[in-house]
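Here the working numbering is used: the first residue of the sequence shown is 3, the next is one more, and so on. One structure is given below, encoded as structure tokens.
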Amino acid sequence: MMTWNKFLSVEDVQISKDLSSGVCSSSMMETVLFVGPVVHTKKEGMIEILDEAAVLIKDGKIMSVGEASSSLDVKADKIIHLQDGQLLIPGFIDCHIHAVQLPNLGIGYDRCLMEWLEKYTFPLERKYSDVEFANRVYDTVVEQTLNAGTTTACYFASLYGKSSVILAEKASKYGQRAFIGKVNMNAPRDDGYCETTEESLQATTEFINDISNIDNPLIKPVVTPRFALSCDMDLMKGLAKLAEDKNLLIQTHVSENLAEIEICKKMYPECSTYVSVYEEAGLLTKKTVLAHGVHLEDSELEILKNRKTSIIHCPTSNTCLRSGLCDVKRLKSKGINVGLGTDVAGGHSVSILDVMRSALQVSTHLAFFKKGYEPLNYIDVFYLATLGGAKALAIEDQVGSFEPGKQFDALIIDTNKPNGPLNNLSEWTIEEQLQRFIYSGDDRNISQVFVAGHQVK
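Okay, here's the thing in structure tokens:
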């Protein structure tokens, strides 16, 4: 028989928290066995479903995954049985979110990108010179994204290094896996929201060191030139060198809006395309993520493929700001890695679940006027939100699926949650329950959230 020291249902689990840090204490770092339905993906276009799985966790890592009936001699400190209507899935990965912009959620969607940035975004971001303001906003950002099931977030912060470190401290406090970027901008501005090349590189180096001093393996700095319109070539080359020396992820924007592309071509007439600007700067690597990519040319896709650079699809933002319909199928057909991003506050929600639905809708809309076009389905967006996002951020060896050796970043989904949007008035297969959650569920159906084995919700 299976050997268990404790027998619990998922609703019985109450994991103590270290009040000084806000994350779960080392009591979670024991051997825990989750038993119940598991859904994940190991390969694009396919999901793996175990109706009655046994997932063994030790010290925050996955030790084994298999059918419960085959795990007869497993010893565990705890066993957690999922209840009817519950299933275990990997945590969601938000590959592009502007933490600083959360206060502007839902504002300015009657404008297009460039006007929206000037009227709403830059004035808000200047407020982060006030560390108390940053403290309040970032506390809310991390809590809200975790509640929405985001176990990994790749954040843009602000121009100000010291207040950007606060975001990293909040992610560490609440136990989220996070990449944090101090924004770089040296194009002169009348409002003063800019820096010199020397100031930018120095502040970024100090920021990287400050993140290192937090001493949390879940928190990483990411080099963050805002986009080619706000950085000159010298700064971008300096940031590329810094990322190479420190072996860091790079994040920026590309080809989001047609007006933006025209401005970029005028600023860099020596470069034939937007992507070639970043190529010239040395910013395109296998650890680079470019948000949007709505209007990329075929020649640009070839460069991105060769550089193994990823595109982050932000369909809610692209719709809200009327930037365009990004064809993810086209990107994938050219060999480009794709992840998903909320792009708050261009996007109207911190929920990756909302982004998954928007990605489905955009793809369906494309199919209306592309003969023979097969739109994305719910399995495709499930992949993009989990393992696809992990690949985009170059952490697929750590998270994104349930495989031995990976860290246990997971969500327990409950389709029977009281007062939730779903009901189980009929019988559904596990795959149908996943489909219903993707199309019609919300954060009320996210019962528990785990990051590296810690329960954080």
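From the three backbone atoms N, C-alpha and C, an ideal C-beta is built for every residue, glycine too. Nothing here was measured: the structure is a model prediction, and the numbers come from that model.
Look at the alpha carbon of S325 and the alpha carbon of V102, and state the distance between them as a whole number of angstroms.
Within the sequence shown, the letter at position 323 stands for residue 325. Within the sequence shown, the letter at position 100 stands for residue 102. If I take the Cα positions, the gap works out to 21 Å.
One question on the structure: do L52 and V41 come within less than 9 Å of each other, judged by their Cβ atoms?
Taking the first residue of the sequence shown as position 1, residue 52 is located at position 50. Taking the first residue of the sequence shown as position 1, residue 41 is located at position 39. It is a contact, given that the beta carbons lie within the stated cut-off.
Range covered by the alpha helix (DSSP H) that runs through R179:
Counting from 1 along the sequence shown, the entry for residue 179 is found at position 177. Segment R179 to G183 is the beta strand (DSSP E) holding R179; no alpha helix (DSSP H) there.
Inter-stretch contact at 8 Å, needing at least 3 Cβ pairs: the segment 158 to 169 / the segment 127 to 134:
yes
Do G295 and I338 have their C-beta atoms within less than 9 Å of each other?
For the purposes of this step, residue 295 is identified with residue 293 of the sequence shown, where counting begins at 1. For the purposes of this step, residue 338 is identified with residue 336 of the sequence shown, where counting begins at 1. Yes, the pair counts as a contact, with Cβ atoms nearer than the cut-off.
Cα-Cα separation between I81 and N447, rounded to whole angstroms
Taking the first residue of the sequence shown as 1, we reach residue 81 at position 79. Taking the first residue of the sequence shown as 1, we reach residue 447 at position 445. If you take the alpha carbons of I81 and N447, they lie about 22 Å apart.
Got a sec? Which residues, its chain only, sit under 7 Å from N426 by beta carbon, not counting five neighbours each side?
Here residue 426 refers to the residue found at position 424 of the sequence shown. Cβ within range, chain order: G87, T417 and N418.
Where in the segment 388 to 450 do unbroken runs of the beta strand (DSSP E), each at least 3 residues long, occur, reported from the N-terminal end onward?
412 to 416
When you compare the CB positions of A170 and A155, do they come within less than 9 Å of one another, or not?
Mapped onto the sequence shown, residue 170 falls at position 168. Mapped onto the sequence shown, residue 155 falls at position 153. Not a contact, by the Cβ cut-off of 9 Å.
For F94, I'd like the list of residues in its chain whose CB is within less than 6 Å of its CB, leaving aside the five on either flank, ordered along the chain.
Translated into positions along the sequence shown, residue 94 becomes position 92. Cβ neighbours of F94 beyond the five flanking positions: G151, T152, I354 and A387.
Alpha carbons only, please: which of P219, E120 and C316 is nearest the one belonging to D345?
Position 343 of the sequence shown, counted from the start, is the residue given in the question as residue 345. The option with the nearest alpha carbon to D345 is C316.
Range of the contiguous beta strand (DSSP E) that encloses E54:
Counted from its first residue, the sequence shown places residue 54 at position 52. Note, E54: beta strand (DSSP E), M48 to K60.
Residue span of the beta strand (DSSP E) that contains P90, given as start and end:
Locating residue 90 in the sequence shown gives position 88, counting from the first residue. Checking the displayed sequence, the identity of residue 90 turns out to be Leu instead of Pro. Note, L90: beta strand (DSSP E), Q88 to P92.
I need the straight-line Cα distance from A242 to W430, nearest angstrom please.
For the purposes of this step, residue 242 is identified with residue 240 of the sequence shown, where counting begins at 1. For the purposes of this step, residue 430 is identified with residue 428 of the sequence shown, where counting begins at 1. In a straight line, the C-alpha of A242 is about 50 Å away from that of W430.
Going by DSSP, which residues form a beta bridge with T155?
Start at 1 with the first residue of the sequence shown, and residue 155 comes out as number 153. One detail in the question is off: residue 155 reads as Ala in this sequence, not Thr. Answer by DSSP bridge pairing, in chain order: D96 and A180.
Go to S66, then tell me how far its beta strand (DSSP E) extends in each direction, as first and last residue.
The count along the sequence shown starts at 1 and reaches residue 66 at position 64. If you look at S66, you'll find it in the beta strand (DSSP E) that goes K63 to E69.
In terms of residue numbering, what span does the beta strand (DSSP E) encompassing G341 cover?
In the sequence shown, counting from the first residue as 1, residue 341 sits at position 339. Taken as a continuous stretch (DSSP letters only), the beta strand (DSSP E) holding G341 covers V340 to L342.
Return the first residue and the last residue of the alpha helix (DSSP H) that K45 is part of.
For the purposes of this step, residue 45 is identified with residue 43 of the sequence shown, where counting begins at 1. It is not in any alpha helix (DSSP H) - K45 instead sits in the beta strand (DSSP E) that spans V34 to K45.
Looking at C-alpha atoms only, which residue of I221, T321 and Q253 is the closest neighbour of G348?
Along the sequence shown, read from residue 1 onward, the residue named residue 348 stands at position 346. From the listed residues I221, T321 and Q253, the smallest Cα separation to G348 is found for T321.
For L251, the residue or residues it bridges with in DSSP
The sequence position of residue 251 within the sequence shown is 249, counting from 1. Paired residue(s): V224.
Measure the CB-CB distance between S257 and L298 and report whether it falls below 9 Å.
The residue given as residue 257 occupies position 255 in the sequence shown. The residue given as residue 298 occupies position 296 in the sequence shown. Yes, these two residues count as a Cβ contact at 9 Å.
Under three-state DSSP, which class holds Q85?
Counting from 1 along the sequence shown, the entry for residue 85 is found at position 83. Of the three classes helix, strand and coil, the one that applies to Q85 here is coil, per DSSP.
6 Å Cβ shell around L220 - same chain, five flanking residues per side excluded
In the sequence shown, counting from the first residue as 1, residue 220 sits at position 218. Excluding residues within five positions, the ones whose Cβ falls inside 6 Å are R179.
Start and end residues, beta strand (DSSP E) containing L260
Position 258 of the sequence shown, counted from the start, is the residue given in the question as residue 260. L260 -> not in any beta strand (DSSP E); alpha helix (DSSP H) instead, spanning L260 to M269.
Does the Cβ of G374 have 16 or more other Cβ atoms within 10 Å, making it buried, or fewer, making it exposed?
By 1-based counting over the sequence shown, the position of residue 374 is 372. G374 should be labelled exposed.
Is the number of C-beta pairs between the segment 113 to 121 and the segment 259 to 275 that are closer than 8 Å three or more?
yes
Range covered by the beta strand (DSSP E) that runs through I314:
Here residue 314 is taken as the residue at index 312 of the sequence shown, counted from 1. S312 to H315 is the extent of the beta strand (DSSP E) around I314.
Going by DSSP, which residues form a beta bridge with A293?
In the sequence shown, the residue the question calls residue 293 occupies position 291. H255 and I314.
Grab the span of the alpha helix (DSSP H) containing G350 for me, first residue to last.
Here residue 350 corresponds to residue number 348 of the sequence shown, with the count starting at 1. Note that residue 350 corresponds to His in the displayed sequence, not to Gly. Careful: H350 lies outside any alpha helix (DSSP H) and carries neither H nor E.
Proximity winner among E398, S428, V352 and Q437, relative to Y380 (alpha-carbon distances):
Here residue 380 refers to the residue found at position 378 of the sequence shown. Minimum Cα distance to Y380 is reached at Q437.
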